[in-house]
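Inspection log for the structure reproduced underneath, given as structure tokens.
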Amino acid sequence: MPTTLLTGITGFLSAHVALIFLERGWTVHGTLRSAAKKADIEAIPEYKSYINSGNLKLFVTGPLENGEYSEAIKGVDAVIHTASPVAFSEEEFEKTHLEPALKGTQGVLRAAAKEKSVKSVVYTSTFGAVGDHKYHPTELKGRTITEKDWNPYTLEEINEIAEKGESGNPTFPNGYLFYKAAKKYAELSAWECQEEAKAQGVDWTLATMNCVMIWGPPIHPQTSLSNGGMSTEFLWKLAQGQDKPIMNTLYPYFVDVRDAAEAHYQAIVRHAQGRFIISAGPFDYQEFADMLREMYPNQKDRFALGTPGKYMYKDPGVYNLSNDESRNKLGITYRSKEETLKDAFDRFFALEEKGLN
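Taking UniProt numbering, I'd label the letters of the sequence shown as residues 1 to 357.
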């Protein structure tokens, strides 16, 4: 029975990654930064049988910046590094954003280089490391972004923005630029770690998952819908009343969390090498609000009204985002936005009935 190390198992995406590996006969070594959430993970209904059988083992590895993986990584066939700080603070770029992302990535991948059983590594990156964030999405209309592209912000530029407190970017707040830059340089660090490993005679494949906005039904521990992480709270805002504003869709592409998890699985079992944009296609928050009123007619008054039919990716239009690599090399068939949105809100409403808000 093959085994994978999975960092950050408490996360929205990571929980689904764990489940897909478990369902397909793998043993999963899931890591936690502290023991505080161990009981919450063990209580997830989808995990119960795997906890009991020993197929899901949990390891407390400490803070991301200096995690200890010697026990968790022992004998594993694969490593999946999803854990990463998600913060949009506009203060202390290097301390808050860059250092944890870099050190966390380097710690896991260098541990992988020491474990001779490892054959495949997947690093969960983001569209933030690929897209051109110096422009509004509509200013990039007609351009196709692929895995060959990188976030154009340099470390020097980001440090200057951090020092001055001003970017001159009217679209994205500084905290967003800081987060995306940290993910870019963490991914670059992952590629450097693979080269280091090769120089030591270690030969594992490395695939990076450049995921767009991830939506779908959560299975990870949740205590709140309105303050439970982007993938829940951004959608839940659409269900707070007709008069509530609808966010601008600054990242106009989405993927279902289950498809993103599938991409991680396929990258491991296919020993994929390279970058992969994980995207089902374009969306707009206004479009989601319009769809929700149709999906739940008995609750239509709770969904934001906005300007029905006005979707930025259609008018005036935005950049194209290629998912050819993930479809052709990983074999991913993406779910529709209808399925993703319906399954997400069915789950949200079930959690609401249990008292979450």
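The beta carbon of each residue, even a glycine, is placed where N, CA and C say it ideally should be.
Q.
Quick check: the Cα distance between T61 and Q242, rounded to an integer number of angstroms?
A. Approximately 45 angstroms, taken between the alpha carbons.
**Q.** residue 371 - containing beta strand (DSSP E), residue span
**A.** Residue 371 lies beyond the range of the chain shown here (1 to 357); nothing can be said about it.
Q. When the Cα of C211 is compared with those of Q299, A280 and M291, which residue comes out closest?
A. A280
Q) Which partner residues of S120 appear in the DSSP bridge assignment? A) A78 and T205
Q) Thinking C-alpha only, which one of Y313, G216, E163 and G274 is nearest A15? A) If you compare the alpha carbons of Y313, G216, E163 and G274 with that of A15, the shortest gap goes to G216.
Q) Distance, Cα to Cα, A207 vs P297? A) For A207 and P297, the distance between alpha carbons rounds to 42 angstroms.
Q. Using CA coordinates, which residue listed in M209, F283 and A350 is at the minimum distance from T126?
A. Answer by Cα proximity: M209.
Q.
Once DSSP output is grouped into helix, strand and coil, what is the label at V108?
A. helix
(Q) Between S231, R270 and H271, which has its C-alpha nearest V255's C-alpha? (A) When only C-alpha atoms are compared, the closest one is S231.
**Q.** Same chain, Cβ closer than 7 angstroms to I158, five either side skipped, listed in chain order
**A.** F93, L177, F178 and A181
Q.
In this structure, how does DSSP classify Y153 when only helix, strand and coil are distinguished?
A. coil
Q. Can you list, in chain order, the residues of its chain whose CB lies under 8 angstroms from that of P316, leaving out five sequence neighbours each side?
A. T138 and K141
(Q) Can you list, in chain order, the residues of its chain with a C-beta nearer than 7 angstroms to that of A72? Leave out the 5 residues immediately preceding and following it. (A) L5, H29, T31, F59 and T61
Q: Would you identify the three-state DSSP class for M213, choosing helix, strand or coil?
A: strand
Q.
With H, G and I counted as helix, E and B as strand and the rest as coil, what does DSSP make of P282?
A. strand
Q. Would the C-beta of S224 count as close to the ligand NAD, meaning under 6 angstroms from any of its heavy atoms?
A. Because no ligand of any kind appears in the structure shown, any question about the ligand NAD cannot be addressed here.
Q.
Quick check on the DSSP output: what are the complete beta strand (DSSP E) runs of length 3 or more inside the region 3-29, in order along the chain?
A. Whole beta strand (DSSP E) segments, 3+ residues: 3-7.
Q. Exposed or buried, P252, counting other C-beta atoms within 10 Å across all chains shown (16 or more means buried)?
A. buried
Q: Rounded to whole angstroms, what's the CA-CA distance from E23 to P100? Just pull it up for me.
A: 31 angstroms
Q) Under the three-state reduction of DSSP, which class applies to I277: helix, strand or coil? A) strand
**Q.** Sequence-distant residues of the same chain with beta carbon closer than 6 angstroms to H81, five excluded per side
**A.** T7, V108 and Y123
Q | Exposed unless 16 or more other CB atoms sit within 10 angstroms - verdict on M1 | A | exposed
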